[in-house]
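What follows is a single structure, written as structure tokens, with notes after it.
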Amino acid sequence: MANLENPKNWRFTWEAQSHSPNLRLFLFDSQAKPSVQCINLEVQLNLSHSHLLVSWLKEGEKEEVSLRVPVPRVLIDSEAPVSFRALDDHIEVKLVLLLPVDHPIVSSFDLMLDSSENGYNAPSLDAAKPLVMDTDLKSLSSMEGVHFYCRKCSTRLTKSPLRNFVEMPSIDWREVADNWFGGCCCSFGGISEKLVTRFANSYRCAKGVCLLNFTTILLFKDDLAAFKLYNGTHEYQPRPDFSSDSGLSEDMLSSQEGTNDLCEKLSSIHLKDNSVSTSALVTKEKASGNEFFSALPLPDFSETETSVRGCCVHTADHIQNHFDEGSQHSVPETCPVDQNTSQLLANQKLFLNGFLGNVFMAKSYNLSMDIDWMEFVCPNCLSLLGAYPFHNGAAPIDGGVRLFKCYVSTSSSAGGSGDLFRKYSLERMFTNQLVENAKDELSFRTLVRDFKTKSPLLQIVLLNPNSWCCSGYCLDTTSAAESILKLDLLPIIKVIFSDCRETSASQPRVHEDWITRNVADVVCMFARQVDELIQSLSSAKDILPPSYNFLQGLPLSSLQR
411 MANLENPKNW RFTWEAQSHS PNLRLFLFDS QAKPSVQCIN LEVQLNLSHS
461 HLLVSWLKEG EKEEVSLRVP VPRVLIDSEA PVSFRALDDH IEVKLVLLLP
511 VDHPIVSSFD LMLDSSENGY NAPSLDAAKP LVMDTDLKSL SSMEGVHFYC
561 RKCSTRLTKS PLRNFVEMPS IDWREVADNW FGGCCCSFGG ISEKLVTRFA
611 NSYRCAKGVC LLNFTTILLF KDDLAAFKLY NGTHEYQPRP DFSSDSGLSE
661 DMLSSQEGTN DLCEKLSSIH LKDNSVSTSA LVTKEKASGN EFFSALPLPD
711 FSETETSVRG CCVHTADHIQ NHFDEGSQHS VPETCPVDQN TSQLLANQKL
761 FLNGFLGNVF MAKSYNLSMD IDWMEFVCPN CLSLLGAYPF HNGAAPIDGG
811 VRLFKCYVST SSSAGGSGDL FRKYSLERMF TNQLVENAKD ELSFRTLVRD
861 FKTKSPLLQI VLLNPNSWCC SGYCLDTTSA AESILKLDLL PIIKVIFSDC
911 RETSASQPRV HEDWITRNVA DVVCMFARQV DELIQSLSSA KDILPPSYNF
961 LQGLPLSSLQ R
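This is the structure:
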């Protein structure tokens, strides 16, 4: 028989839902059966001391067992009755709230209490509210200089303090340019191609500049104190022909310079035509009393010219024919001259979305087969810090290393008030991206693949993105009232998941069918990140009684939001 007298064997979990004025308590012991062993169950609410007193008579005896359960900081309706019942594997208690836990009034009330007790910058405030991810541009720029440290061992990662911070644009910037100007370089849309190239070049890695997005910070390799490439099995140094200025080899740079020279000549020929004005791309006309904008007349292309396969990437002979004939057609600045340059531009285009996208949790359609993303680890403890783009044994393609905010800190005391990244954790960043993807893709099912092998690692289904909970162990009645912990409900999401690490090799078709059948989103992460997430999911499953551990045959769990 279970030792019902020991309160440390009894675990409690408070749970609430957004927009619902109810608070539910799960009280359970893995060795107890409350429906049989807890006789004459009574529950008393003591608001002055913020606890519940739960008592019952042991089976076959007259001795009373009492437990005290701390109550989280919520607005409870003291006049509403407390409902409770004893079930097979837990005791359930329900309280009525005056306002839902996520109501703005409740949030303001909690903020005032926390600030009066701990100050506005207390780390405890970050965990009690949902993670709001931003680029942290303002907070970093307000500091005189910032060093970055490994969060696990506090090793300093940067050579000197960084003072120049730039916010990276949205991943949708290229599509916006195409939608506004058109996507074909043989028409007015050639402007889009030029903007794409100039825009990408303006956001390339440079020494002393830190590029920021929601999940990562991008540093130039020469700004790191100990830069060693690591592929999981050995370490090696960059090739000597690597150009630190632009992330391209010297052969590539010389080829690109030749391309730009030729394109400048072609552009000058185009400008000789007096009928075309470069100062105005559109003219304002009046028709039927209404003003509207219309594009300038475009030169007519022959059928042979416009039917060339891949009109945005002409061959060298085709470009040379235009040059010899004195053609007045405009040729974009990115036009290649030879096959090597053409291949370079193709790789650049494939890399652009990955460069600006979310490497922490990469969408499968933003990844190129020609580019591998390798782990970047701490030179001291070898823990994962970030990733860099890798191609054919060379150094980072753009010379930059992406550091994940959940693995680095801005202070040698990680998690302290001076650490601007203290609110970020792997679990919360993953949850944030999972909810955002569900909104953008309208899919609540996600398959996580290995960044390197592309094999399935985790299936996860989002059930409820707006839950709140806290958990702990009960206290006995002899404990002082002051010893009762002050609890805060933490924001979580409810999910069901499946660990695919052991079945990915034997059942590849099953996972592909699941993606197709459920129109699931597919993302890629590093294996050690997914291992940590699965461990968190497995641990969080135990905060609820066994009857709530599975749904539809899959483990039911939660992640902090």
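Anchor point for the sequence shown: position 235 equals 645 in my numbering, and the numbering is continuous, going up by one each time. Glycine included, each C-beta is placed from N, C-alpha and C at the ideal position.
Can the beta-carbon of residue i be found closer than 8 angstroms to that of residue j?
| i | j | result |
| --- | --- | --- |
| Leu629 | Leu872 | no |
| Trp924 | Pro901 | no |
| Val453 | Phe494 | yes |
| Val492 | Leu455 | yes |
| Thr625 | Lys815 | yes |
| Val920 | Pro875 | no |
| Leu885 | Arg421 | no |
| Arg434 | Glu502 | yes |
| Phe575 | Leu634 | no |
| Ser881 | Thr423 | yes |
| Ala797 | Met779 | no |
| Pro510 | Ser430 | yes |
| Ser774 | Val933 | yes |
| Gln843 | Asn776 | no |
| Asp808 | Arg614 | yes |
| Glu942 | Leu836 | yes |
Kindly indicate which residue of the options has the alpha-carbon position closest to the one of residue i.
| i | options | result |
| --- | --- | --- |
| Trp466 | Pro482, Gln454, Asn456, Ile449 | Ile449 |
| Thr887 | Pro480, Gly470, Thr423, Glu469 | Pro480 |
| Gly810 | His513, Glu473, Arg927, Lys617 | Lys617 |
| His972 | Arg483, Thr545, Ser968 | Nothing about residue 972 can be read from this structure; the chain reaches only from 411 to 971. |
| Leu964 | Ser908, Asp633, Phe800 | Ser908 |
| Tyr559 | Glu425, Glu851, Gln970, Cys791 | Cys791 |
| Val858 | Met784, Val940, Ser428 | Val940 |
| Leu954 | Leu899, Leu572, Leu437, Gln945 | Leu437 |
| Glu425 | Ser476, Lys904, Leu497, Arg838 | Lys904 |
| Val506 | Asp498, Lys472, Ser551, Leu485 | Leu485 |
| Asp850 | Asp931, Lys443, Ser946, Leu622 | Asp931 |
| Pro444 | Leu497, Asp544, Pro417 | Leu497 |
| Ser428 | Asp512, Ile781, Phe840 | Asp512 |
| Arg927 | Arg971, Ser853, Asn959, Met935 | Ser853 |
| Ser552 | Arg561, Gln945, Leu572, Met543 | Leu572 |
| Phe861 | Lys631, Met935, Ile944 | Met935 |
| Val922 | Ser865, Tyr958, Ala950 | The amino acid occupying residue 922 in the given sequence is Glu; Val does not appear at that position. Comparing Cα-Cα distances from Glu922 to each of Ser865, Tyr958, Ala950, the minimum goes to Ser865. |
Can you give the Cα-Cα distance for residue i and residue j, rounded to whole angstroms?
| i | j | result |
| --- | --- | --- |
| Thr856 | Asp487 | 39 angstroms |
| Ile870 | Glu554 | 42 angstroms |
| Leu966 | Ser948 | 9 angstroms |
| Leu577 | Phe770 | The question names Leu, yet the displayed sequence has Glu at residue 577. The alpha-carbon atoms of Glu577 and Phe770 are separated by roughly 17 angstroms. |
| Tyr834 | Ile627 | 13 angstroms |
| Pro540 | Asn432 | 20 angstroms |
| Ile818 | Ala824 | Per the sequence shown, the amino acid found at residue 818 is Val instead of Ile. About 8 angstroms. |
| Arg832 | Leu795 | 15 angstroms |
| Ser821 | Ser549 | 13 angstroms |
| Gly828 | His557 | 12 angstroms |
| Leu658 | Phe800 | Confidence is the limiting factor: at Leu658 the pLDDT is only 35, short of 50, which leaves the residue's position unreliable, though a coordinate-based value still follows. Whole-angstrom Cα-Cα distance: 12 angstroms. |
| His500 | Ala537 | 28 angstroms |
| Arg838 | Leu868 | 17 angstroms |
| Gln962 | Ile906 | 9 angstroms |
| Cys788 | Thr565 | 8 angstroms |
| Ala848 | Val475 | 46 angstroms |
| Asp952 | Ala937 | 24 angstroms |
| Leu897 | Phe840 | 25 angstroms |
| Ala636 | Leu567 | 7 angstroms |
| Asn419 | Cys563 | 35 angstroms |
| Asp661 | Gly826 | Low confidence applies here, because Asp661 scores a pLDDT of 38, under 50, leaving its location unreliable; read the following figure in that light. If you take the alpha carbons of Asp661 and Gly826, they lie about 47 angstroms apart. |
| Asp459 | Arg971 | The sequence shown places His at residue 459, not Asp. Cα to Cα, His459 sits roughly 29 angstroms from Arg971. |
| Leu463 | Leu451 | 11 angstroms |
| Arg561 | Lys472 | 54 angstroms |
According to DSSP, residue i sits in a beta bridge with which residue or residues?
| i | result |
| --- | --- |
| Pro901 | Trp878 |
| Thr568 | Leu634 |
| Arg478 | Leu463, Leu885 |
| Pro799 | Trp783 |
| Ile468 | What sits at residue 468 in the sequence shown is Lys, not Ile. Looking at the DSSP assignment, Lys468 forms a beta bridge with Cys448. |
| Tyr559 | Arg566, Ser819 |
| Ile906 | Val871, Leu966 |
| Cys791 | Cys791 is not bridged to any residue. |
| Arg421 | Phe438, Tyr883 |
| Asn456 | His461 |
| Lys773 | Val933 |
| Ala426 | Leu433, Trp878 |
| Arg495 | Glu502 |
| Asn574 | Val619 |
Quick one: is residue i near chain C, going by C-beta distance under 8 angstroms?
| i | result |
| --- | --- |
| Tyr559 | Chain labels in this structure do not include chain C; a single protein chain is all it has. |
Could you check if residue i belongs to the surroundings of the ligand ADP, using beta carbon to heavy atom distance under 7 angstroms?
| i | result |
| --- | --- |
| Ala772 | The ligand ADP is not part of the structure shown, which contains no ligands of any sort. |
Which full runs of the alpha helix (DSSP H) of 4+ residues lie inside the segment 806-867, going along the chain? 836-851
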